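Structure, as structure tokens:
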Ligand SMILES: [Fe+2]
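In the numbering used here, the protein residues as written are 90 to 279.
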């Protein structure tokens, strides 16, 4: 039962779409034009909560199982929780940098660029590591009983891993960002 791995891979692809949006807006900023800050702020809003509320809980639950079934493989994956915390720290730096730009603070363009690029690069590295090391180790080590438990945890109606309605909320925001980005790109091509 590796359906949850497929779900996690799809979530990574959705995250990557937003990283590309952010990167595109950053390229606009780098050529000294004004990026679409509505898009940038919406991407920040997405990353502020979606990973910790909807994506990481699923990874945490399979990582806990991997630690039991194959501690050596789990050690090779590393400290995934610490990596997730570092992602949140990098995002806070992005949010602060954008807030300062919008507040007309005197900032070096290069410093803002570095902070945002650092966030994008680390997100990509982290996702690549999970797909290369973490997910294959989980697929190899987990037993049918583990998958059954994971599925039960995810679907527990009394104590759901992810609050009801939250994934739909972020799916809506994700779609809105892509729509806004499409409009921003169209306006820029005039
Ligand atoms: Fe992930």
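Every residue, glycine too, gets a C-beta built ideally from N, C-alpha and C.
Remember, it's a predicted structure, so these values are computed and weren't measured experimentally.
When only Cα atoms are considered, residue 198 and residue 188 end up about 13 Å apart.
In the structure shown, residue 142 adopts helical secondary structure according to DSSP, grouped into three states. Pairwise C-beta distances place the stretch 229-249 out of contact with the stretch 109-123, as fewer than three of them are shorter than 8 Å. Look at residue 232 here: in three-state DSSP terms it is coil, with no helix or strand label. Secondary structure remark: continuous alpha helix (DSSP H) runs of at least 4 residues inside the stretch 212-268, in chain order: 224-230 and 233-244. Look at residue 202 here: in three-state DSSP terms it is helix. Secondary structure of residue 123 (DSSP, three-state): coil. According to the DSSP assignment, residue 175 belongs to the alpha helix (DSSP H) that extends over 169-191. DSSP, read as helix, strand or coil, puts residue 279 in coil.
A Cβ-Cβ distance of about 10 Å is found for the pair residue 93 and residue 228, leaving them out of contact under the 8 Å criterion. Under the three-state reduction of DSSP output, residue 207 falls in the helix class. Fewer than three pairs of CB atoms, one per stretch, sit closer than 8 Å, so the stretch 176-192 makes no contact with the stretch 237-248. Proximity of the stretch 120-140 to the stretch 257-270 meets the contact definition, three or more beta-carbon pairs being nearer than 8 Å. Here residue 226 has 155, 159, 162, 163, 165 and 166 as same chain residues with Cβ atoms under 8 Å from its own Cβ, once five neighbours each way along the sequence are excluded.
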